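>
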Amino acid sequence: MNTELLNQKLSEPDYVLKKNWIVQQIEFKLKMIDLELSEKYNRTIMQKVEHRIKGTDSIARKLLKKGYKITFENAVKKLNDIIGIRVVCLYSDDVYKIADLLKEQKDFTLIKEKDYIKTPKKSGYQSLHLIFEVPLIYKDMREAQRVEIQIRTVAMDFWAGVDNQICYKKDPAKLKTAELALKNYSSEISRIDKQMLELRKNVEL
């Protein structure tokens with residue numbers, strides 16, 4: 121299947137409706153989690169929640185990178201992050217509070233967890249990634265949809281945004297220097313996150 125045929129399948133109303141339905145379910149859960157944690161700790165927990173549904177070009181690139189043919193069936197079966205949700209909070213310990221409550225949801229099945237905060241990527245990227253299967257139920261239909269939820273601090277989100285802007289389609293000769301600088305800045309981001317957490321804890325005493 122070429123990208124034109126893949127795009128046709130991804131544009132079908134049934135496919136689009138299902139993906140958006142799942143997004144709404146998860147965002148509702150996150151609102152409830154935010155409310156619970158904010159009331160418990162008497163402070164703002166989530167700064168923002170964003171979502172995206174991968175488009176044709178992004179799906180095609182991911183399939184090729186993984187060594188799969190570009191087909192709709194492979195996209196649905198092989199990719200875990202067609203639906204992506206990003207949760208941004210102020211403090212690193214809140215990342216794990218949110219994750220723990222997501223794991224407690226009886227209708228969510230955790231498929232995979234990647235902790236790039238405790239073990240950052242070689243690039244310096246930091247975030248907690250959770251892959252869930254979420255049920256889509258309507259009348260006699262029941263099917264599982266996979267979703268990737270990324271949880272990170274504001275500082276980590278800032279770093280990721282700068283990394284994406286600076287390193288995307290840039291001159292390879294200049295890219296190496298930028299990547300090295302960004303990796304060093306990632307360590308600074310981690311240090312600042314720890315300091316901000318300690319500051320909050322000291323104020324709360």
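Per the working numbering, the very first residue in the sequence shown carries number 121; after that it's consecutive.
Backbone N, C-alpha and C fix where the C-beta goes; we use that ideal spot for every residue, glycine too.
Please read these numbers as outputs of a predicted model, since none were measured by experiment.
#1: Whose CA, out of 199, 260, 277 and 225, lies closest to the CA of residue 237?
#2: Report the partner residues of residue 229 according to the DSSP bridge assignment.
#3: In terms of residues, what are the limits of the beta strand (DSSP E) holding residue 271?
#4: Using alpha carbons as the reference points, say which of 151, 170, 190 and 167 lies closest to residue 178.
#5: On the premise that residue 267 lies in contact with residue 210, defined as a C-beta separation below 8 Å, what is that separation, rounded to the nearest angstrom?
#6: How would you label residue 230, buried or exposed, when you count the other beta carbons within 10 angstroms and need 16 or more for buried?
#7: Check whether the Cβ atoms of residue 232 and residue 251 lie closer than 7 Å to each other.
#8: For residue 183, I'd like the list of residues in its chain whose CB is within less than 6 Å of its CB, leaving aside the five on either flank, ordered along the chain.
#9: Would you check if the distance between the CB atom of residue 219 and the CB atom of residue 248 is smaller than 7 Å?
#10: Are the CB atoms of residue 127 and residue 176 nearer to each other than 7 Å?
#11: Do you know offhand how far residue 310's Cα is from residue 321's?
#12: Would you identify the three-state DSSP class for residue 151, choosing helix, strand or coil?
#13: In the DSSP assignment, what are the bridge partners of residue 166?
#14: List the endpoints of the continuous alpha helix (DSSP H) containing residue 179.
#15: Kindly list the residues whose CB is nearer than 6 Å to the CB of residue 283, restricted to its own chain and excluding five residues on each side of it in sequence; keep chain order.
#16: Return no unless some Cβ of chain B is closer than 7 Å to the Cβ of residue 216.
#17: Would you tell me roughly how many angstroms separate the C-alpha atoms of residue 324 and residue 315, rounded to the nearest one?
#18: For the putative contact between residue 262 and residue 208, defined by C-beta atoms under 8 Å, what is the C-beta separation to the nearest angstrom?
#19: Assuming contact is defined by CB atoms lying nearer than 7 Å, are residue 146 and residue 157 in contact in what I supplied?
#20: Could you check how far apart the C-beta atoms of residue 186 and residue 197 are, in whole angstroms? I think they sit under 8 Å.
#21: Quick one: what's residue 204 bridged to in DSSP?
This is what the structure gives:
#1: To locate residue 237, count along the sequence shown from 1; it is residue 117. Nearest option by C-alpha distance: 277.
#2: The count along the sequence shown starts at 1 and reaches residue 229 at position 109. BP columns for residue 229 point to 253.
#3: On the sequence shown, residue 271 is found 151 positions in, with the first residue counted as 1. Residue 271 -> beta strand (DSSP E) spans 261 to 273.
#4: On the sequence shown, position 58 is the one that residue 178 refers to. Nearest option by C-alpha distance: 190.
#5: In the sequence shown, residue 210 corresponds to position 90, counting from 1. In the sequence shown, residue 267 corresponds to position 147, counting from 1. That belief does not hold up - the Cβ atoms of residue 210 and residue 267 are roughly 24 Å apart, past 8 Å.
#6: For the purposes of this step, residue 230 is identified with residue 110 of the sequence shown, where counting begins at 1. Under this definition residue 230 is an exposed residue.
#7: In the sequence shown, the residue the question calls residue 232 occupies position 112. In the sequence shown, the residue the question calls residue 251 occupies position 131. For residue 232 and residue 251, yes; Cβs fall inside 7 Å.
#8: Here residue 183 refers to the residue found at position 63 when the sequence shown is read from its first residue. Here the set comprises 190 and 194.
#9: Within the sequence shown, residue 219 is the residue found at index 99, counting from 1. Within the sequence shown, residue 248 is the residue found at index 128, counting from 1. Yes, Cβ-Cβ distance for residue 219 and residue 248 is below 7 Å.
#10: Within the sequence shown, residue 127 is the residue found at index 7, counting from 1. Within the sequence shown, residue 176 is the residue found at index 56, counting from 1. Yes, they are a contact pair.
#11: Position 190 of the sequence shown holds residue 310. Position 201 of the sequence shown holds residue 321. About 17 Å.
#12: Start at 1 with the first residue of the sequence shown, and residue 151 comes out as number 31. In this structure, residue 151 counts as helix in the three-state DSSP scheme.
#13: Here residue 166 refers to the residue found at position 46 of the sequence shown. In the DSSP output, where bridge partners are listed per residue, residue 166 has 209.
#14: Indexing the sequence shown from 1 puts residue 179 at position 59. Per DSSP, residue 179 belongs to the alpha helix (DSSP H) from 176 to 186.
#15: Position 163 of the sequence shown, counting from 1, holds the residue named residue 283. 302, listed in sequence order.
#16: The displayed structure is made up of one protein chain only, and chain B is not part of it.
#17: Reading the sequence shown from its first residue, position 204 is the one you call residue 324. Reading the sequence shown from its first residue, position 195 is the one you call residue 315. Answer to the nearest angstrom: the Cα atoms are 14 Å apart.
#18: Stepping through the sequence shown from its first residue, residue 262 is reached at position 142. Stepping through the sequence shown from its first residue, residue 208 is reached at position 88. In fact, because the Cβ distance is near 32 Å, the residues do not count as touching under 8 Å.
#19: Locating residue 146 in the sequence shown gives position 26, where the first residue counts as 1. Locating residue 157 in the sequence shown gives position 37, where the first residue counts as 1. Not closer than 7 Å, so no.
#20: Counted from its first residue, the sequence shown places residue 186 at position 66. Counted from its first residue, the sequence shown places residue 197 at position 77. Their Cβ separation, rounded to whole angstroms, is 11 Å, which puts residue 186 and residue 197 out of contact at 8 Å.
#21: The count along the sequence shown starts at 1 and reaches residue 204 at position 84. The partner list for residue 204 (beta bridge, DSSP) reads 172 and 268.
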